[in-house]
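Working notes for the structure below.
2 protein chains.
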Amino acid sequence: MDELTGPVLIVGAGLIGTSIGLALAQRGIATYVRDADDTTARIAASRGAGSTNRSVVDPELVVVAVPPVALASQIAAALAEFPEATVTDVGSVKAQLLEELRLSGMRLDRYVGSHPMAGSERSGPLAARADLFEGRAWAVVARADCDPEAVRAQQALVLACGAVAVPMAPEEHDRAVALISHLPHVAAALVAQQLADAPQSHLALSGSGVRDVTRIAAGDPLLWEQILLGNAEALRGMLEQLRGALDALISSLAEGDGAALRRYLALGAAGAAAIPGKHGGVTVSTETVVVAVPDTPGALANLFGAVSGAGVNIEDVRIDHDTGRPAGHVELVVASELVEALMATLAGAGWHVER
Amino acid sequence: MDELTGPVLIVGAGLIGTSIGLALAQRGIATYVRDADDTTARIAASRGAGSTNRSVVDPELVVVAVPPVALASQIAAALAEFPEATVTDVGSVKAQLLEELRLSGMRLDRYVGSHPMAGSERSGPLAARADLFEGRAWAVVARADCDPEAVRAQQALVLACGAVAVPMAPEEHDRAVALISHLPHVAAALVAQQLADAPQSHLALSGSGVRDVTRIAAGDPLLWEQILLGNAEALRGMLEQLRGALDALISSLAEGDGAALRRYLALGAAGAAAIPGKHGGVTVSTETVVVAVPDTPGALANLFGAVSGAGVNIEDVRIDHDTGRPAGHVELVVASELVEALMATLAGAGWHVER
């Protein structure tokens, strides 16, 4: 695949735009950043995401990374300002955007939409990271009317950011994100809503379950309003399916139909298991080792020192997210074949270990 | 408050029963374990949760830790077998259980219900831990007809397990757990259900959001069927409220009413923020420091060694849960007033640090 040579102009210096700038700059590609807000652009530039110089000469690629409502106009403006450049965007929704662009009557062969599957509850250039996209899926939403050169330039961007290109048609992309991103967001918000005016004494019983279910509900309401409205059609169908399932569950509960309830719950367990694991498509067999750790400075250092001594790489780590206790547990997720060696080493060093 | 002197008999050697046995044994209290399955009882005993000797003489307290459907009969059996003992249980639902017990016509003054807010997706005696309850809320569901001696014995159990007693009436308890445990579980299962037959290409775009929302849906369907049925009345009201909110949200989406959507989302963000933080009732002001870490053995040990060198205690730690990448990020959550010192120390040691 061809490599990006640049220059690359990034329009919109938020979390995603600035992270792209940092990733490209790290590879020595000349980058420029623009933002409707000068201070935001300057912060991105100061972090090394690119130059704020407005006179960009012949960019190879323009990346439009603005909020959903501004995407169509900024993509159109970029196509007009740079008649030789490939233009891409990083928006969460594709079909409606394409429709808006087509209404403009412009030629769209140099426009190739895309969507990196990376983000954070935090936003803005200060939350950006050069390797935000490394190993992540990045949907490349090419169409039959795209210039093949433009598709290559877009894919070169994905490659330069260390991500994995996942080709998808616009409608398929929108259905996929409605399912794995927008539906969970709505469900999290609906559950969280019910907590908003709950008595403190009830909330005091909260454990890690309700925290995990509602975490993404903390996302920016203005951004999410735009995302949900932009994908209203695909999302509505799924929400209506969810409502159907909810109605059925309420009926089962009212009728005391345990077998039906169990079927819903088992289907839920199957769905949770269907989500691919940490290592992309490849499933690494892992096991969890639980270690008791005092809640004092140095304890984790000692633990990870001991783990390191065993020559074991940690796939994932989890510290109990709940109420304060003098000692906590660390769950170390490691490749299954390394569990025995790790447990022996830790136990030998005096740690209380369980699997 | 009085201390437990024992002996304590634990009926049901699953995750919760065995963990209670381990906690009490650690304090030198004589414990006995029973289970409908002999092997399960033997495993719990071999881990140190108590003796499997069937001749228990004059237990001070009997803890019934069996699945929801068996609670009423096992509580009644314990009250009959040990006419001097206090009997408690650790079930997730209280009002319906009390009704069943009252139907038996037995005197219930020695029975005091309770519910520790601790658990795991894992189950059974092998997943048990002596400090499972440390710092956790533990609902004590006393009633006007309870013997004060029995209430004291139950509270002494909570204390001996390192937990925090939260007194609650049966109906209030059931409403609280419907909200902060059963409703989130149903929502997670409903979202996860939709994923069960989704195309692999769509699931390939999954990020940490959908993983977090659906994690608890992996819980045992048989256990959860019993819990949901046992709290059907309180839960139904909340699910109907959720359905009302879902209906309204679907309408706003259909009408393109962005302002209404944003209100729902903002209410969700407020609800997510209403959940108390890690340190129980006390909210410690924390900040997140992001550190880039290569995905190799020893890297975390070096990092935590450096953190320890700065004399900083880590409140929480999070490693990116997503697709495999050659380098990852560790988010360290520390008390706000320690952030500057930590960042300076880490940067000085060559780590790439951001806040």
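Line by line, the protein sequences are chains B and G. Numbering-wise (the working numbering), the first sequence opens with residue 1 and increments by one. Numbering-wise (the working numbering), the second sequence opens with residue 1 and increments by one. Where a beta carbon is used, it is the ideal one built from N, C-alpha and C, also for glycine.
Residue ranges of uninterrupted beta strand (DSSP E) with 3 or more members are absent from the region 246-270 of chain B; none lies entirely inside it. Per DSSP, Val166(G) is one residue of the beta strand (DSSP E) stretching across Val164 to Pro167.
With respect to the 8 Å criterion, Asp89(B) and Val64(B) are classified as neighbours on the basis of their beta carbons. Per DSSP, reduced to three states, the secondary structure at Ala80(B) is helical. Below the 7 Å Cβ cutoff, chain G contributes Leu265 as neighbours of Trp224(B), in chain order.
Burial is judged here by how many other beta carbons sit within 10 angstroms of a residue's own beta carbon; Arg129(G) has at least 16 and is buried. Taking the C-beta atoms as reference points, Leu195(G) is found nearer than 8 Å to Leu179(B). Within the region 77-97 of chain G, contact with chain B at the beta-carbon level (separation under 8 Å) is assigned to no residue. For Gln96(G), the number of other beta carbons within 10 angstroms of its own is at least 16, and it is reported as buried. Beta-bridge partners of His115(G) (DSSP): Ala139(G). Taking a Cβ-Cβ cut-off of 8 Å, Gln155(G) has no neighbours in chain B, whose nearest Cβ is about 17 Å from it. No Cβ of chain B is located within less than 8 Å of the beta carbon of Gln26(G).
Contact with chain G is absent for Ala160(B), since none of that chain's Cβ atoms lies less than 8 Å from the residue's Cβ. Around the CB of Val289(B), 16 or more other CB atoms lie within 10 Å, so the residue is classed as buried. Judged by DSSP in its simplified three-state form, Asp212(G) adopts helix.
The beta carbon of Val312(B) lies closer than 6 Å to those of Val334, Leu338 and Leu342 in the same chain, with the five residues before and after it left out. Your pair Leu4(B) and Ala156(B) checks out as a contact, with CB atoms roughly 4 Å apart and the cut at 8 Å. Three or more beta-carbon pairs drawn from the region 247-257 of chain B and the region 232-250 of chain G are found closer than 8 Å, and the two stretches are therefore classed as touching. Residue environment: Glu240(G) is assigned as exposed (fewer than 16 neighbouring CB atoms within 10 Å of its CB, all protein chains considered).
About 7 Å separates the Cβ atoms of Val112(B) and Thr86(B), confirming a contact at the 8 Å cut-off.
Residues of chain G with a Cβ closer than 9 Å to the Cβ of Ile43(B) do not exist; the shortest Cβ-Cβ separation is about 13 Å. Collapsing the DSSP output to three states places Glu354(G) in a strand.
Not flagged as an interface residue toward chain G: Ser336(B), since no C-beta distance is shorter than 8 Å.
Met106(B) and Leu71(B) have their alpha carbons spaced roughly 15 Å apart.
At a cut-off of 8 Å between beta carbons, Arg215(G) contacts chain B. Restricting attention to Ala274(G), Gln193(G) and Leu103(G), the CA atom closest to the CA of His202(B) is found in Ala274(G). The distance from the Cβ of Val33(B) to that of Gly14(B) is about 10 Å, inconsistent with a contact at the 8 Å cut-off. Nearest to Val210(G) by C-alpha distance, out of Pro184(B), Gly219(B), Asn231(B) and Arg47(B), is Pro184(B). Contact annotation for Leu228(B) against chain G: Leu253 and Leu261 [CB-CB distance below 7 Å, chain order]. The beta-carbon distance between Trp138(B) and Leu265(G), rounded to whole angstroms, is 26 Å. This is too long to meet the 8 Å contact definition. Neighbourhood of Pro221(B) in chain G, by CB distance below 7 Å: Arg262, Leu265, Ala266 and Ala269, in chain order. Interface annotation, Ala292(B): in contact with chain G, CB-CB separation under 8 Å.
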